[in-house]
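Numbering (the numbering used here), first residue to last: 321 to 445.
Heads up, the beta-carbon is just placed ideally off N, CA and C, and yes, glycines get one too.
This structure is a prediction, so every number in the text was calculated from the model and none was measured.
Step one of this worksheet: look at the structure below.
See the structure below:
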């Protein structure tokens, strides 16, 4: 009888471990999908800017799926510009020292996450 109780307790702990791993996997997949959507928005902006200008496109609609998403465009010099997509993540993990500013590729700042893409401007646009 004691062996059965111990076996049931071990199975319950193993099941809790499997459930925790499943939740971590789901959270990781959600983060990857959000990051992919942000990179697609940044890439779309860069392609439109290189093609002649992103005027007339509702960029807020493009980042609508991101929680408090916003698109920030900065120019670094005459031939290179950067576009950064920022969003907030619900229930974020521990913050890393990276900030969502500058020319970082991907960063986390507490609940705030971002991706930055640099692109060349061919003819000064």
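Query - Collapsed DSSP secondary structure at residue 409 in the structure displayed - result: coil
Query raised in the report: Can you round the beta-carbon distance between residue 272 and residue 389 to whole angstroms, since I take them to be within the 8 Å contact cut?
Result: The structure shown does not extend to residue 272, since the chain is modelled only from 321 through 445, so no value can be given for it.
**Report entry** Collapsed DSSP secondary structure at residue 391 in the structure displayed
**Finding:** strand
Query raised in the report: Near residue 409, which residues of its chain fall below 6 Å by C-beta distance, leaving aside the five closest residues on each side in sequence?
Result: Only residues of its own chain outside the window of five on either side were considered, and among them 431 and 433 have a CB closer than 6 Å to the CB of residue 409, listed in chain order.
Query raised in the report: Are the segment 336-348 and the segment 378-387 in contact at 8 Å, needing three or more beta carbon pairs?
Result: no
Requested in this report: Please report the Cβ distance between residue 437 and residue 371, rounded to the nearest whole angstrom; I am assuming they are in contact, meaning their Cβ atoms lie under 8 Å.
Outcome: With a beta-carbon spacing of about 15 Å, residue 437 and residue 371 fall beyond the 8 Å limit used to define contacts.
**Report entry** Enclosing beta strand (DSSP E) for residue 446 [first to last residue]
**Finding:** Nothing in the structure corresponds to residue 446, since the chain is present only between 321 and 445.
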